[in-house]
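If you want this note's numbering, it's the 1-based position in the sequence shown plus 23.
Data first, discussion second: the structure below is written as structure tokens.
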Amino acid sequence: MFAIVVNPAAGNGRQATLLDRLKRMLNERSEAYAVYETTGVGDTARQVRRAMDEGCHSIALIGGDGTLSEAVGELAGSSVTLYIVPCGTGNDFARAFRLPKDPVRAFAAQLDGTACQVDCGLINDCGFINVSGSGFDVEVLKKTEELKRLYPGEKAYRKAVLSVLERYKPFEAELSVDGGPFRRERLTIVEIANGQYIGGGMRVAPRAKEQDGLFDVVLVRTVPRGLIPLLLPLFMLGLHAGLPVTRMYRARSVVLRAPGMTVNIDGRLVQMDEAHYRIMPGALRMMRPAR
Numbered sequence: 024m025f026a027i028v029v030n031p032a033a034g035n036g037r038q039a040t041l042l043d044r045l046k047r048m049l050n051e052r053s054e055a056y057a058v059y060e061t062t063g064v065g066d067t068a069r070q071v072r073r074a075m076d077e078g079c080h081s082i083a084l085i086g087g088d089g090t091l092s093e094a095v096g097e098l099a100g101s102s103v104t105l106y107i108v109p110c111g112t113g114n115d116f117a118r119a120f121r122l123p124k125d126p127v128r129a130f131a132a133q134l135d136g137t138a139c140q141v142d143c144g145l146i147n148d149c150g151f152i153n154v155s156g157s158g159f160d161v162e163v164l165k166k167t168e169e170l171k172r173l174y175p176g177e178k179a180y181r182k183a184v185l186s187v188l189e190r191y192k193p194f195e196a197e198l199s200v201d202g203g204p205f206r207r208e209r210l211t212i213v214e215i216a217n218g219q220y221i222g223g224g225m226r227v228a229p230r231a232k233e234q235d236g237l238f239d240v241v242l243v244r245t246v247p248r249g250l251i252p253l254l255l256p257l258f259m260l261g262l263h264a265g266l267p268v269t270r271m272y273r274a275r276s277v278v279l280r281a282p283g284m285t286v287n288i289d290g291r292l293v294q295m296d297e298a299h300y301r302i303m304p305g306a307l308r309m310m311r312p313a314r
């Protein structure tokens, strides 16, 4: 049986409309389903657990990267199949997974797709599926939350980037990769990536693959504020890998520490002093979309 996990009040009722369309699609395929309604942030994991306890073999999540992030910790290591119905602000993992932008078409493509195993990340034993890190993108996310009321979807990200450019300052952190010694860095951006994109399409980790059993670690060292507008287009297109200020690693584990830092976890902002990352290869069962 399918579980459809949805917050019917989210997106000005848009998720409720999507729910009706998904139910019609499953009825046409004679698929049994049950609907699990969430009440807000943090409730997705509880509803996913409930659906699994009640024997659902597939779970369709209506939402964005944050919704996915809440669910994957429960689904990792299970035989339950995850379906993404992307209707968040950025939908960055759906983009990396090559799903159509339209949520109904994306769901249909997965229904007709092929089963595969996808990596899942852990940060301090909390699951994530796309990208986690700190620095410039955290400030952009904070500003985006303010602007969501004024601008739709990706436009809010773009406006936030321009606003943060005027006042951003690098931060200092210590980093250890695969158990190596800690190195102190002054950074503009640090990202630990399973997917390729952040911020509604900025290609932060152009070489990342969600099935290779490795994180892509992206470090952008201090960039003079006046150069950021010149370098940002390269960053958005994924052409920053060869720049002198950029270093990239492949790793199974990473430790990042900086007192009082704010960390982006698939679009959710969490304050901590240390972030311990490890990859769980092939921990999530998903449907590679039909082309």
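From the three backbone atoms N, C-alpha and C, an ideal C-beta is built for every residue, glycine too.
A quick note: this is a predicted structure, and the numbers were derived from the prediction, not measured.
Residue i vs residue j beta-carbon contact at 8 Å
i, j, result
"residue 286", "residue 274", "no"
"residue 288", "residue 149", "yes"
"residue 188", "residue 252", "yes"
"residue 152", "residue 237", "no"
"residue 290", "residue 66", "no"
"residue 119", "residue 96", "no"
"residue 94", "residue 108", "no"
"residue 28", "residue 83", "yes"
"residue 304", "residue 245", "no"
Residue i to residue j span [Cα, whole Å]
i, j, result
"residue 63", "residue 267", "43 Å"
"residue 37", "residue 154", "26 Å"
"residue 71", "residue 85", "12 Å"
"residue 210", "residue 125", "36 Å"
"residue 207", "residue 214", "15 Å"
"residue 222", "residue 102", "31 Å"
"residue 48", "residue 198", "47 Å"
"residue 171", "residue 307", "31 Å"
"residue 156", "residue 53", "42 Å"
"residue 264", "residue 122", "25 Å"
"residue 80", "residue 112", "28 Å"
"residue 314", "residue 282", "46 Å"
"residue 269", "residue 106", "34 Å"
"residue 100", "residue 311", "18 Å"
"residue 57", "residue 26", "5 Å"
"residue 158", "residue 55", "45 Å"
"residue 147", "residue 92", "14 Å"
"residue 60", "residue 224", "29 Å"
"residue 167", "residue 116", "18 Å"
"residue 184", "residue 98", "33 Å"
Start-to-end residues for the alpha helix (DSSP H) that takes in residue i
i, result
"residue 167", "159-170"
"residue 44", "37-51"
"residue 67", "67-76"
"residue 92", "88-98"
"residue 253", "251-260"
Burial state of residue i (16 or more Cβ within 10 Å)
i, result
"residue 138", "exposed"
"residue 219", "buried"
"residue 204", "exposed"
"residue 195", "exposed"
"residue 169", "exposed"
"residue 51", "exposed"
"residue 296", "exposed"
"residue 104", "buried"
"residue 226", "buried"
"residue 217", "buried"
"residue 360", "Nothing can be reported for residue 360: it is not among the residues displayed for the chain, which extend from 24 to 314."
"residue 114", "buried"
"residue 181", "buried"
"residue 24", "exposed"
"residue 43", "exposed"
"residue 40", "exposed"
"residue 262", "exposed"
"residue 292", "exposed"
"residue 250", "exposed"
Within-8 Å CB hit, residue i to chain D
i, result
"residue 107", "Judged by its chain identifiers, the structure shown contains no chain D, having just a single protein chain."
Residue interval of the beta strand (DSSP E) (run including residue i)
i, result
"residue 140", "137-146"
"residue 115", "First-last for residue 115: 115-119, but that is the alpha helix (DSSP H), not the beta strand (DSSP E)."
"residue 132", "No beta strand (DSSP E) contains residue 132, which is instead part of the alpha helix (DSSP H) from 126-134."
"residue 287", "276-288"
"residue 149", "149-151"
"residue 194", "194-200"
"residue 296", "291-311"
"residue 205", "Taken as a continuous stretch (DSSP letters only), residue 205 belongs to no beta strand (DSSP E), as it is neither H nor E."
"residue 221", "Taken as a continuous stretch (DSSP letters only), residue 221 belongs to no beta strand (DSSP E), as it is neither H nor E."
Practice task
Count the CB pairs spanning the region 125-137 and the region 236-244 that are closer than 8 Å, and state whether there are at least three.
Solution key: no
Problem - the region 275-295 in contact with the region 247-266 per 3-pair CB rule at 8 Å - result: no
Practice task
Could you say if the region 141-148 and the region 75-90 meet the contact criterion of at least three C-beta pairs nearer than 8 Å?
Solution key: The region 141-148 is not in contact with the region 75-90.
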